[in-house]
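Worksheet for the structure shown next.
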Ligand SMILES: NC(=O)c1ccc[n+]([C@@H]2O[C@H](COP(=O)([O-])OP(=O)(O)OC[C@H]3O[C@@H](n4cnc5c(N)ncnc54)[C@H](O)[C@@H]3O)[C@@H](O)[C@H]2O)c1
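In this note's numbering, the protein residues as written are 4 to 261.
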């Protein structure tokens with residue numbers, strides 16, 4: 004992708020304060036897009052956007068909880084006021100609750116219903132609310148792209164995540180295929196990325212012994228980087244993929260081969 008491949012694009016990335024979301028936002032900004040860095044943690048969002056502006060990229064940071072409809076709508080309104088209609092949305096914000104020093108997930112029989120609900124609210128309802136908030140503008144423009152960050156854990160069993168996480172990541176694939184159908188007639192593509200093990204603060208929440216077993220089970224024998232996920236997102240929001248929709252692309256080094 005050239006340094007100007009995304010010139011004129013306005014890209015909103017959720018969970019962009021760190022990790023994969025920040026890398027996706029940075030990759031789009033480096034490619035010439037105007038980028039809105041949205042995060043639950045407003046300071047993280049603003050710091051990431053400020054670092055982008057230091058590189059002479061177009062960026063603003065906004066605090067918003069993607070599970071809160073009013074906050075999502077306010078963020079989208081502020082984004083459009085700053086940069087114009089949103090042409091690409093990346094539903095990246097996600098949580099995978101773990102407890103203890105060994106990063107233990109709650110098994111079904113110990114999982115509080117409140118923990119289940121919070122994961123559904125953030126990982127799934129958040130993507131619904133953000134997609135809904137940008138859809139009218141994309142439909143009016145008859146162009147746009149939506150990319151959701153699912154997981155290999157949404158396609159097969161991963162013993163280190165909870166059932167809430169697996170359920171929401173699988174559901175994002177259903178959302179992706181359904182919205183590709185509803186929005187395709189308006190020239191809007193909708194796709195998902197299923198990362199394997201990627202080096203981010205979320206990954207560090209899992210025990211290092213577990214992560215090492217995943218590395219050994221990955222044919223490419225290493226973890227992925229946030230930028231390797233970002234480059235796939237950049238492709239899915241680019242002109243190069245304008246006839247690609249309803250797809251799930253694994254960025255996993257061959258791990259689990261879903
Ligand atoms: N790291 C991995 O190995 C991996 C693998 C597969 C999928 N994923 C997915 O990739 C995405 C990013 O993961 P990561 O590893 O960068 O995680 P991370 O925890 O390092 O970063 C997630 C960011 O999302 C923000 N966030 C959390 N809840 C939010 C909310 N309600 N509203 C707005 N922002 C919120 C956090 O503040 C944080 O900045 C997630 O959806 C995750 O499930 C990660």
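We put the beta carbon where it would ideally sit given N, CA and C, even for glycine. The structure displayed is predicted, hence computed values, not measured ones.
Alpha-carbon to alpha-carbon, residue j and residue i
i           : j           : result
residue 57  : residue 206 : 28 Å
residue 142 : residue 107 : 43 Å
residue 22  : residue 255 : 16 Å
residue 253 : residue 86  : 31 Å
residue 195 : residue 175 : 8 Å
residue 257 : residue 221 : 6 Å
residue 12  : residue 84  : 14 Å
residue 148 : residue 226 : 27 Å
residue 115 : residue 145 : 43 Å
residue 121 : residue 171 : 11 Å
residue 81  : residue 214 : 39 Å
residue 259 : residue 244 : 25 Å
residue 16  : residue 173 : 20 Å
residue 59  : residue 45  : 21 Å
residue 140 : residue 53  : 27 Å
residue 204 : residue 97  : 12 Å
residue 35  : residue 237 : 11 Å
residue 73  : residue 138 : 16 Å
residue 181 : residue 208 : 32 Å
residue 212 : residue 185 : 43 Å
Neighbourhood of residue i by C-beta distance below 7 Å, restricted to the same chain and skipping five residues each side
i           : result
residue 48  : 19, 20, 40, 41, 42, 64, 65 and 66
residue 224 : 218
residue 75  : 67, 69, 132, 133 and 136
residue 164 : 99, 108 and 156
residue 119 : 167
residue 301 : In the structure as shown, the chain begins at 4 and stops at 261. Residue 301 is therefore absent and cannot be evaluated.
Expected contact under 8 Å - CB spacing of residue i and residue j to nearest Å
i           : j           : result
residue 151 : residue 130 : 5 Å
residue 27  : residue 95  : 6 Å
residue 33  : residue 6   : 7 Å
residue 79  : residue 89  : 7 Å
residue 198 : residue 154 : 6 Å
residue 248 : residue 192 : 4 Å
residue 166 : residue 111 : 5 Å
residue 228 : residue 201 : 7 Å
Proximal residues to residue i (C-beta, below 6 Å), its chain only, five neighbours per side dropped
i           : result
residue 70  : 124, 125, 128 and 129
residue 275 : What is shown of the chain runs 4 to 261, which leaves residue 275 out entirely.
residue 233 : 26, 27 and 30
residue 105 : 210
residue 102 : none
residue 24  : 16, 18 and 95
residue 239 : 150 and 194
Those residues which DSSP pairs with residue i across a bridge
i           : result
residue 42  : 66
residue 16  : 40 and 93
residue 61  : 37
residue 195 : 151 and 251
residue 107 : 102
residue 22  : Paired residues: none, contrary to the question.
residue 2   : No statement about residue 2 is possible, as the shown extent of the chain runs from 4 to 261 and does not include it.
Heavy atom of ligand 2 within 8 Å of residue i beta-carbon
i           : result
residue 194 : As presented, the structure is devoid of ligand 2, carrying ligand 1 as its sole ligands.
Cβ of residue i within 9 Å of any chain C Cβ
i           : result
residue 230 : Reference to chain C is not applicable here, since this structure consists of a single protein chain.
Residues near residue i by beta carbon distance below 8 Å, same chain, minus five either side
i           : result
residue 231 : 201 and 254
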